[in-house]
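Novice: In our numbering, the protein residues as written are 460 to 597.
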Amino acid sequence: MTFAALYLIAFVLFLGIDYLGLSYIVKPVFERDIGHLLLDDLRILPAFAFYAFFVLGVTWFVSYPGTTGGKSLLWVFASAAFIGAMAYGTYEFTNLATLKDWTWTMVMTDLAWGTILTGTSAALSVLIVRLFQGAGTS
């Protein structure tokens, strides 16, 4: 399977899973703590730019090597989760250090969510590719 197909699978998975997490896990915490700062409507272009670039990086550094180098799904999950923790941690800890009303609850909620989301979407995308590759060889 091509890199582009793997990227597309990972992108769709990441968006779908993140929609659920944002709706039911992250949003309620952010609304409670900084609801007065939140937009009524999401700015789609910056959100899309983040998703596109972030998933590209995870695909390049973790998922694609996970489909070609004999890496375990645990390696894929852990490596992607680490990148997720770095990215979401950078955002959250910077905001905690510089913004009023930013809370430890927000940091821990979003950091945990981003870590799990990134690891899960990468591992699932690699699993799907492996299943298709296996189906193609029989």
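Built from N, CA and C at the ideal position, the CB exists for glycine as well.
As the structure is a prediction and not an experimental result, all values here were calculated from the model.
1) For Ile503 versus Ser580, is the C-beta distance shorter than 8 Å?
2) So, does the stretch 522-529 touch the stretch 543-563, judging by three or more C-beta pairs under 8 Å?
3) State whether the stretch 571-587 contacts the stretch 538-549, with contact taken as three or more CB pairs (one from each stretch) at a distance under 8 Å.
4) For Val566, which residues from the same chain have a beta carbon less than 7 Å from its beta carbon, with the 5 sequence-adjacent residues on both sides left out?
5) Need the endpoints of the alpha helix (DSSP H) that Phe541 sits in, please.
6) Less than 8 Å between the CB atoms is what I'm expecting for Asp492 and Asp560, so what's the real figure, rounded?
7) Return yes when the Cβ of Phe470 is within less than 8 Å of the Cβ of Tyr510, no when it is not.
Specialist: Reading off the structure:
1) In terms of Cβ geometry, Ile503 and Ser580 do not form a close pair [threshold 8 Å].
2) Counting C-beta pairs with one atom in each stretch, the stretch 522-529 and the stretch 543-563 have fewer than three that are closer than 8 Å, which means they do not touch.
3) Flag = yes, the stretch 571-587 and the stretch 538-549 touch.
4) Cβ-Cβ distances below 7 Å link Val566 to Glu551, Phe552, Leu555 in the same chain, with the five nearest sequence neighbours on each side left out; the list follows chain order.
5) Its alpha helix (DSSP H) spans residues 532-557.
6) Right, their Cβ atoms sit about 6 Å apart.
7) Yes, they are a contact pair.
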